[in-house]
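Heads up: the sequence shown runs through residues -16 to 143, numbered per the working numbering. Down below is the structure, laid out as structure tokens.
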Amino acid sequence: MKISIFLIVLLLCSCTAQTPNRDRVAALEQKLVELKPGLGEIMGIVQQHHAKLFYSGTRGNWELAQYQIDEIKEGLEDVAKYYPTFKEVKLPLKDLIPKMMDEPLRNVASAIQKKDAKAFKTAFAAMTKSCNSCHQAAEHGFIVIQAPIGQEFTNQQFSP
-16 MKISIFLIVL LLCSCTAQTP NRDRVAALEQ KLVELKPGLG EIMGIVQQHH AKLFYSGTRG
44 NWELAQYQID EIKEGLEDVA KYYPTFKEVK LPLKDLIPKM MDEPLRNVAS AIQKKDAKAF
104 KTAFAAMTKS CNSCHQAAEH GFIVIQAPIG QEFTNQQFSP
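Pasting the structure below:
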């Protein structure tokens, strides 16, 4: 009988000990959700890298251009990871982004690796067009990306 009572008390103690842990885990999970960057924030950073890619690639700074294309890829991977689906968009972003962007990104990366300025300009223009096609497909066609017209980032050198 003493063993039965001991086991019941032990069982009850273990049940109550888990409740604070569950509450703590739930609170931490909520904090993680709150820390997730917004889709617009991620895409704004991708847009900055798009501009810097243009500046560095058109000036023949291939090392910086490679860094920028890698950052664009990473940003788009973050979009697919954090927003696999998004609001009313019919095709999941995790499927739409690779479908629309993988080939144009590969073409830009190839031009960078070859250090081919002419191929870079062509591939960059095609990639920009694909960005806008992706926005159209995601029902955000009002966001239109273009090659930079002026020098936005005057605090960074883009020439090699």
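Heads up, the beta-carbon is just placed ideally off N, CA and C, and yes, glycines get one too.
Could you check which residue in the options has the C-alpha nearest to that of residue i?
{"i": "residue 73", "options": "4, 121 and 140", "result": "121"}
{"i": "residue 32", "options": "47, 19, 126 and 3", "result": "47"}
{"i": "residue 45", "options": "17, 133 and 93", "result": "93"}
{"i": "residue 139", "options": "3, 16, 57 and 42", "result": "42"}
{"i": "residue 55", "options": "26, 119 and 6", "result": "26"}
{"i": "residue 91", "options": "50, 76, 69 and 126", "result": "50"}
{"i": "residue 96", "options": "109, 53, 10 and 6", "result": "53"}
Pull up the distance between the alpha-carbon of residue i and that of residue j, whole angstroms please.
{"i": "residue 62", "j": "residue 101", "result": "30 angstroms"}
{"i": "residue 113", "j": "residue 79", "result": "11 angstroms"}
{"i": "residue 59", "j": "residue 4", "result": "35 angstroms"}
{"i": "residue 71", "j": "residue 115", "result": "18 angstroms"}
{"i": "residue 83", "j": "residue 98", "result": "24 angstroms"}
{"i": "residue 126", "j": "residue 22", "result": "13 angstroms"}
Given a cut-off of 8 angstroms, decide if residue j and residue i are closer than it, judged by their beta-carbon atoms.
{"i": "residue 39", "j": "residue 141", "result": "yes"}
{"i": "residue 65", "j": "residue 19", "result": "yes"}
{"i": "residue 129", "j": "residue 111", "result": "yes"}
Excluding sequence positions up to five away, which residues of its chain have a Cβ less than 8 angstroms from the Cβ of residue i?
{"i": "residue 12", "result": "none"}
With a threshold of 6 angstroms on Cβ separation, who are the neighbours of residue i within its own chain once the five nearest residues in sequence on each side are excluded?
{"i": "residue 34", "result": "131 and 135"}
{"i": "residue 124", "result": "118"}
What does a CB cutoff of less than 7 angstroms around residue i pick up in its chain, not counting 5 residues either side in sequence?
{"i": "residue 29", "result": "55, 58 and 59"}
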